[in-house]
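Written below as structure tokens is the structure these notes are about.
Residue numbers (the numbering used here): 16 to 154.
This is the structure:
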């Protein structure tokens, strides 16, 4: 299974952090591999204690399904989603704020944000992926 390199994950994190600072948000950003394992993250100054695990759980959802996490919200109450979220011990949140990272047609990770508005979370995550020369959709 292909994955983001550490250098790519650090590039993503730096660009997402710059976007968070530009927006003036108090957020956390998590970068995960395709399995949802944490590669790197940051909690910005003033961000709530709960934002790191939420950002990771959003990224985990995006990585699991290879989709923008906001697209998963509508199905969050479906039995399969509820079962999967329970199996993951609460480490999966199918809410807006995370995007997958694709290298060509291959899913290599995901990025999730928490602490801003749902749109700010997604915008910061997307900025990171795009800065690394990756895409949020397969190409």
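Glycine included, each C-beta is placed from N, C-alpha and C at the ideal position. Predicted model, so just to flag it, every value in this text is computed and none were measured.
Exposure of residue 152, with buried meaning 16 or more beta-carbon neighbours within 10 Å: exposed
Distance between residue 22 and residue 88 (C-alpha atoms, nearest Å): 31 Å
Meets three-Cβ-pair contact criterion under 8 Å: the segment 36-48 and the segment 87-104: no
Environment of residue 129 [buried if 16+ CB atoms lie within 10 Å]: buried
Cβ neighbours of residue 70 in the same chain (closer than 8 Å, five flanking residues each side left out): 42, 43, 44, 45, 56, 112, 113, 127, 128, 129, 130, 136
Alpha carbon of residue 81 to alpha carbon of residue 123, nearest angstrom: 9 Å
Cβ neighbours of residue 58 in the same chain (closer than 7 Å, five flanking residues each side left out): 43, 66, 67
Pair within 7 Å by beta-carbon distance, residue 47 and residue 74: yes
Simplified DSSP assignment, three categories, for residue 143: helix
Spatial distance of residue 16 from residue 78 (CA atoms): 13 Å
Member of 54, 133, 63 whose CA lies at the smallest distance from the CA of residue 85: 133
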